[in-house]
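Straight run, no breaks: the sequence shown in the UniProt record's numbering ends on number 409.
From the three backbone atoms N, C-alpha and C, an ideal C-beta is built for every residue, glycine too.
Keep in mind the model is a prediction, meaning the values are calculated, not measured.
Just below is one structure, and these are the notes that go with it.
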Amino acid sequence: SKLEAAKSVAKSLNSDVNDLHWHTFNIDTVKFVVQMSANFSGRSVEILFEQDGFLVQGEHRLVCKLDRSDEAVSTNMSKLLDIQRNLRSVVYNVALESLTASVTYSLSKQHKGKLFLVDQGKVHWVRSPKTLEEKGLIGIDYTYLEVGDTETDIVGVDIGDANPDRRQLIHARLLGLNAQPGIELSPGSVPILEKCMYNVTYVDKFNHQKKTDTYLQGHPVSIDVVLGNSLIDEVLEHDKFCYLVSSHVIEHIPDFIQFFKSAAAVLKDGAKLVMYVPDKRYTFDVLRQISSISDIENAHNLCLRYPTREMANECYLSTDFNANAQGLWDNSYAAAPTYSECEALLVAGQKKLENADLHCFTFTPESFKGLLDYVISKYVPSLKVIEITETLYGHNEFIVDLIIRKEKS
C-alpha cells in the first residue's frame, strides 16, 4: 500500500546506512544531472572523460572539472532556478491552506510520532492527547504530511494542554530545592509554591488581605514580608535564598533593571530565578508598544519605586480589557481600546500611583530576551539564561528560567 511504501522510504531515509537504488541512469542523464547541479550551484562544468556503461556492459564513468562561473544563465535556466527556490514553499503553502483545521502526521526522524494541527498556514505539534479529545479530533483518519528538518518555516508553536498544570511547569525547574529557603514574589490568591511543599517566604509590596483596591480574585494568602516601597535586597538577607519565583509580576515592577540587581543580591550562587511573564500579543496589552531598552533605562535612572503618571496614561490609553488569548491567536477577535482617550486619561488620573497595580512594561519572548541580555551585560553579569520559552499556542504567557553564577572570591 502507499502507507507501507511511505514507511519503507522513511525507514531508509532515517537509517544511518541503506543500499537502495534511488535513481537509475544512462550516460546522457548522468551528464544532465552533473550539468544541472553545476548550474544550480553557480558553476560551470567541463567533461574531461566519459565512459558509457551501456557500451561496455559496466558502469558509467565521468571525470569533470568544476569552475566558479560568472556567466549569465539562459532564460529557461533562470526560470527553473526561480521554480527551484520557490516550489517547495508554494507546495506546502497550498497544502496547508487546504488542510486548515486538519490533523496531520509525519514520518521524518525529527517529528515521527507527533500529531500536528494545521492552523494559519503552519503545523502545530499537539503535545497532549487530551487536547485532541477536547477539540473532537480523536478517532479520525489523520493526513500524512511530511515535515522534515528543513521545513522549519512551516512549524508553528506547540499546542499544550488546554488547562496545563502551571505549578508543575515551575516545580520541574526547582528539582531538589523543596527544603531550601526560597521566595515567591506576589503569590496572590493561588501561589505557585505552597508552603506544605516548599520552604518558601511569601513577599509582596502590599498585604492584600488588608488592601481592598487590588487586582486579585479569591482569598489572598498571608504575606510573610511586606515590602511597601522598599526593594527586596533592602529587606531580605543577602546571599541566602536558593530560588525566586513569580507569576505575572515583572510587568508590574516600575524599575525592571533594579529588580534583577536586587534579586541577584538576595540569591545564592547557583540559585534559580523562574518567572511566568505575560506575552503582550495575547493579553489586554495587545495594542501597546513593546518596551524598549530606553524605557527600562529611563525608569532605572529615575530610581522608580512606583509607576509614573506617564506609565498609567499609556496603560489605559492602549489597553483592551476584553481581549482573550484564543481570540487573538486565531484572529477571531479584533482588538480595540477599552476607553476613549478622554476616558483613559480620566481613569489613569484617578489612580494613586503609590498603590497602583499597572503593567509598567510589555514583552514578547524575543523582546524580553533582548532586554535581559542588556541587563546582564551592563548590570548583572552573574545572571545566566537557561531558557526563555515560546508562548504556547492558545496561551498568553512564557517562562523565563535563569540561574545565578557568582564569581568565587
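Using the C-alpha atoms, what's the distance from residue j back to residue i?
i	j	result
residue 325	residue 395	6 Å
residue 318	residue 279	15 Å
residue 19	residue 28	24 Å
residue 243	residue 263	10 Å
residue 137	residue 109	24 Å
residue 171	residue 180	13 Å
residue 99	residue 144	11 Å
residue 293	residue 374	8 Å
residue 237	residue 140	58 Å
residue 39	residue 368	44 Å
residue 113	residue 120	22 Å
residue 301	residue 254	11 Å
residue 111	residue 153	14 Å
residue 365	residue 298	22 Å
residue 21	residue 148	21 Å
residue 360	residue 185	17 Å
Here's the rule: buried if 16 or more other CB atoms are within 10 angstroms of the residue's CB, otherwise exposed. What is residue i?
i	result
residue 258	buried
residue 329	buried
residue 2	exposed
residue 83	exposed
residue 118	buried
residue 315	buried
residue 26	exposed
residue 272	buried
residue 296	buried
residue 8	exposed
State the DSSP-derived secondary structure class of residue i, mapped to helix, strand or coil.
i	result
residue 215	Per-residue confidence for residue 215 stands at a pLDDT of 46, beneath the threshold of 50, marking its modelled position as unreliable; no derived number is given.
residue 278	strand
residue 327	helix
residue 97	helix
residue 53	helix
residue 398	strand
residue 385	strand
residue 357	coil
residue 30	helix
residue 268	strand
residue 1	coil
residue 174	coil
residue 407	coil
Measure the Cβ-Cβ separation of residue i and residue j and say whether it is below 7 Å.
i	j	result
residue 182	residue 155	no
residue 146	residue 189	no
residue 312	residue 344	no
residue 321	residue 284	yes
residue 286	residue 323	yes
residue 249	residue 398	no
residue 205	residue 227	yes
residue 53	residue 59	yes
residue 393	residue 157	yes
residue 306	residue 353	yes
residue 178	residue 202	no
residue 69	residue 37	no
residue 191	residue 221	yes
residue 49	residue 33	no
residue 193	residue 245	yes
With 7 Å as the threshold, decide whether the Cβ of residue i is near any Cβ in chain D.
i	result
residue 271	This model lacks chain D altogether; it includes just one protein chain.
Examine the ligand ZN and report whether any of its heavy atoms sits within less than 6 Å of the Cβ of residue i.
i	result
residue 106	Summarising the ligand content, the structure contains no ligands, and the ligand ZN is consequently not present.
Length at least 4, wholly inside the segment 188-260: the alpha helix (DSSP H) runs in chain order: 232-235
Entirely enclosed alpha helix (DSSP H) segments - the segment 278-323, minimum 4 residues: 293-301, 309-317
Uninterrupted alpha helix (DSSP H) stretches inside the segment 329-354 (no shorter than 4 residues): 341-349
Unbroken stretches of the alpha helix (DSSP H), 4 residues or longer, contained in the segment 91-144: 129-134
Continuous alpha helix (DSSP H) assignments of at least 4 residues falling wholly in the segment 65-89: none
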